[in-house]
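J.: Below is one structure. I have some questions about it.
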DNA sequence: TTGTATGCGTTATCAC
DNA sequence: GTGATAACGCATACAA
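Protein chains in written order, with our numbering: chain A, 54 to 402; chain B, 54 to 402.
Given below as structure tokens:
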């Protein structure tokens, strides 16, 4: 068709006004007479001009309207996790008023391919559980003055953090079990580190994932000797495998299992059923997260309800505050203990 | 600290070279002597310059490295669907070589808040099942020369489409059931339209969601009189509710249920168990999608396996082709029939 | 309410 | 291998 796309100057010329007037017609930042507006609009239509080029606008304004969300893992694993999904929703809601959208970024992206923290036109960045993120690129981003917020992870002490009282919450659930008379408790943990394959956690096992370590600590605060089996991920099927392992030998079968996520707990319940154990009469099961586990009815987990969407929203608000020139403080969210029908007094003897 | 962020010109001046040389040091597009490179790098470090500003670079190059993904729904519902998650992964893989990332966009975003197809600095856009997307903004995007691809949806005849043989595939499953002797079949459908609340589909019910309509047609091709109950979403719990409805009265209990998604099928199986029916002895159940339903073991669904990740990848490749100046053709993917252990010959009598 | 002037920070192109 | 120059397309301060 045309050799070159129309610009706002072309439109202005066609409409017989100055470029700035035309600009104002599109941005609406200044009153414009109806007549001019009409003329500009018509000229735009005639030239097939569809509005300011976002690239140029963002250079000029110094804002791109894009917030990067950096995940540690493959997107698949990120979005399969209901907690992260909820969080993303909260985040999306919170950045929408800024007129911003979310750009999906992967940690460890093979350099050169794909956008990275340093090459994407970001106004701000939210890191989700990124422990492995290269210090270097993080520093680069912050040096550029781009606000950074971390959810469940550690990125250095001067980066605002959205946290959760994992240890205290898990301790609460453990106490609840102890009050019910349980003494023999097993733990089904989240992965100990990236790439972890399922297995028992020994004394020497290094646990690099914060959430896992903190929740484990909370359980051990109350049951120091509880054995812990770490799954390969937060899935029902993983919980099932862990549960089978735990209920395997008749020797020293626990009367309660504390799972570090609701999905794992759901799997543990399945395993218990398989083993002919009734929940909660023969074995109590607790979860963590407080999500709705699709298909788990009629069980209603005893669990720690975490404000997942709120965490995302808080991250978004922190970003907004920093973008506004303010500072954002770290926030620590609190889980709510919810007693469902999967825990009961320890069976006698 | 400093009143202004350092630019590449500052770095060049500090290093005693021209801006273009400094630029080349960072882009690597042209050979540079080691000595110069060193000087520039050192100058950058001294000034705290962390690399070219992506906003300016994208204006200059005419590329932002961002591909927009437009969802019809709230992100939550998008990511809760395993098929979409897989698709996103395929898409992410396919655009990574372009150096591009994915920007999450919502259809129907309340104008003004949030980024939209027209205001975000996109190189290309992928629409996911967007039937409702405003014709207008779509046209605007295309007018701007931004490539658009549609996955499972219709955006007009000259927009490349990534499709699926929904009708044929579902018909295949239906034929399989008929071959097994089933005559009395019920259908559990996906929602008929956005905002749909669960309920039976009558003759007059308008079905605006393509996938639902196509899969339904495939089933009706073989069982024209099969009653269909449309769920409010693709969830196990929704399948459970639908299943209860279907197995409710003892009157005319179907010998087979065709669900339009694996998650719905899983719920139907639960409902059957609740009603004291054995699967597949008393009632056969088929799904659609071929995802792994977490927690469904030991059942293995008879289902249509769709190449979800491939669809995403194909969309990404189509985008890449168009960005390269070429044209992309529509592609129709084919489902594979997979016989699991949830279908069996119709019970006698 | 409209116009003028300027610069946002880069990179492609070409000549040297 | 390096440097000068010219856009890229827009939005804002300020003057009129």
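Backbone N, C-alpha and C fix where the C-beta goes; we use that ideal spot for every residue, glycine too.
Closest Cβ-Cβ distance between residue 142 of chain B and chain A: below 8 Å?
T.: Output row for residue 142 of chain B: interface = yes.
J.: Quick one: list the residues of chain A neighbouring residue 154 of chain B, beta-carbon separation under 7 Å, in chain order.
T.: Near residue 154 of chain B (Cβ distances below 7 Å), the residues of chain A are 156, 157, 158, 167, 168, 173.
J.: Quick check: the Cα distance between residue 279 of chain B and residue 288 of chain B, rounded to an integer number of angstroms?
T.: For residue 279 of chain B and residue 288 of chain B, the distance between alpha carbons rounds to 22 Å.
J.: If you compare alpha carbons, which of A:127, A:76, A:213, A:98 is closest to residue 110 of chain A?
T.: Among A:127, A:76, A:213, A:98, the Cα nearest to that of residue 110 of chain A belongs to A:76.
J.: Using C-beta distances below 6 Å, list every residue in its chain close to residue 254 of chain B, excluding the 5 sequence neighbours before and after it, in chain order.
T.: Correct list, in chain order: 281, 283.
J.: Taking residue 389 of chain A as part of the alpha helix (DSSP H), name the residues at either end of that continuous run.
T.: Premise fails: residue 389 of chain A lies in the beta strand (DSSP E), 389 to 391, not in any alpha helix (DSSP H).
J.: Which residues does DSSP list as the beta-bridge partners of residue 282 of chain B?
T.: Residue 282 of chain B pairs with B:241, B:253.
J.: Using the Cα positions of residue 368 of chain B and residue 230 of chain B, report the straight-line distance between them to the nearest angstrom.
T.: Using only the alpha carbons, I get a separation of about 33 Å.
J.: Should residue 82 of chain B go down as buried or exposed, given a rule of 16 or more other Cβ atoms within 10 Å for buried?
T.: Looking at its Cβ environment, which holds fewer than 16 other Cβ atoms inside 10 Å, residue 82 of chain B is exposed.
J.: Using DSSP's beta-bridge definition, name the partner residues of residue 175 of chain B.
T.: For residue 175 of chain B, which the question treats as bridged, DSSP gives no partner whatsoever.
J.: Secondary structure at residue 246 of chain A, three-state DSSP: helix, strand or coil?
T.: Coil.
J.: Is residue 114 of chain A helix, strand or coil by DSSP?
T.: Helix, per DSSP.
J.: Distance cutoff 8 Å, beta carbons only. Does residue 321 of chain B sit that close to anything in chain A?
T.: Taking Cβ atoms only, chain A never reaches closer than 8 Å to residue 321 of chain B, which makes this a no.
J.: Is there contact here, the region 379 to 397 of chain B with the region 220 to 229 of chain B, by at least three beta-carbon pairs under 8 Å?
T.: Short answer: they touch.
J.: Please tell me whether residue 276 of chain B has its Cβ less than 8 Å away from any Cβ of chain A.
T.: No - not a single Cβ of chain A is within 8 Å of the one on residue 276 of chain B.
J.: By DSSP, does residue 180 of chain B sit in helix, in strand, or in coil?
T.: Residue state, collapsed to three classes: strand.
J.: Using a 10 Å radius around the Cβ and a threshold of 16 neighbouring Cβ atoms, would you call residue 290 of chain B buried or exposed?
T.: Its Cβ being crowded by 16 or more others within 10 Å, residue 290 of chain B is buried.
J.: Beta carbon of residue 305 of chain B, beta carbon of residue 237 of chain B: below 8 Å?
T.: Cβ distance < 8 Å, so residue 305 of chain B and residue 237 of chain B count as in contact.
J.: Residues of the region 182 to 212 of chain A in Cβ contact with chain B at a cutoff of 7 Å, in chain order, please.
T.: Those residues of the region 182 to 212 of chain A that come within reach of chain B (Cβ to Cβ, closer than 7 Å) are 193, 196, 197, 198.
J.: Do residue 286 of chain B and residue 312 of chain B come within 8 Å of each other at the CB atom, strictly closer than that value?
T.: Going by C-beta atoms, residue 312 of chain B is not nearer than 8 Å to residue 286 of chain B.
J.: Whose C-alpha, out of A:96, A:401, A:106, is nearest the C-alpha of residue 80 of chain A?
T.: Looking at the Cα atoms, A:106 is the closest of the given residues.
J.: How about the region 176 to 183 of chain B and the region 198 to 206 of chain B: do they share at least three Cβ pairs that are nearer than 8 Å?
T.: Yes: at least three Cβ pairs fall under 8 Å.
J.: Within the 8 Å Cβ cut-off, does residue 60 of chain A reach chain B?
T.: Chain B contact via Cβ: absent.
J.: Indicate the three-state DSSP secondary structure (helix, strand or coil) for residue 68 of chain A in the structure shown.
T.: Residue 68 of chain A falls in the helix class under three-state DSSP.
J.: Taking 8 Å as the cut-off, decide whether the C-beta atoms of residue 259 of chain B and residue 296 of chain B are in contact.
T.: No. Outside cutoff.
J.: Quick one: is residue 250 of chain B buried, meaning 16 or more other Cβ sit within 10 Å of its Cβ, or exposed?
T.: The residue in question, residue 250 of chain B, is exposed, as its Cβ has fewer than 16 Cβ neighbours within 10 Å.
J.: Does any residue of chain A bring its CB to less than 8 Å from the CB of residue 243 of chain B?
T.: No, residue 243 of chain B lies away from the interface with chain A (no Cβ there is under 8 Å from its Cβ).
J.: What residues in its chain sit with their C-beta under 8 Å from that of residue 246 of chain B, if we drop five residues either side in the sequence?
T.: Same-chain partners within the cutoff: 259, 260, 261, 262.
J.: Specify the secondary structure class of residue 341 of chain B as computed by DSSP and reduced to three states.
T.: It is coil, neither helix nor strand.
J.: What did DSSP end up calling residue 312 of chain A once you bin it into helix, strand or coil?
T.: Reduced to three states, the DSSP call for residue 312 of chain A is strand.
J.: How is residue 394 of chain B classed by DSSP in three states: helix, strand or coil?
T.: The answer is coil: DSSP assigns residue 394 of chain B none of H, G, I, E or B.
J.: Would you list the one or two residues that DSSP bridges to residue 119 of chain B?
T.: Residue 119 of chain B is bridged to B:154.
J.: Tell me residue 355 of chain A's beta-bridge partners as DSSP assigns them.
T.: Paired residues: A:339.
J.: With distances taken from CA atoms, which of A:274, A:233, A:241 is nearest residue 220 of chain A?
T.: Here the closest residue by C-alpha is A:274.
J.: Exposed or buried, which one is residue 381 of chain B when buried takes at least 16 other CB atoms within 10 Å?
T.: By the 10 Å Cβ count, residue 381 of chain B comes out buried.
J.: Would you tell me roughly how many angstroms separate the C-alpha atoms of residue 70 of chain B and residue 193 of chain A, rounded to the nearest one?
T.: Near 23 Å, if we compare the C-alpha coordinates of residue 193 of chain A and residue 70 of chain B.
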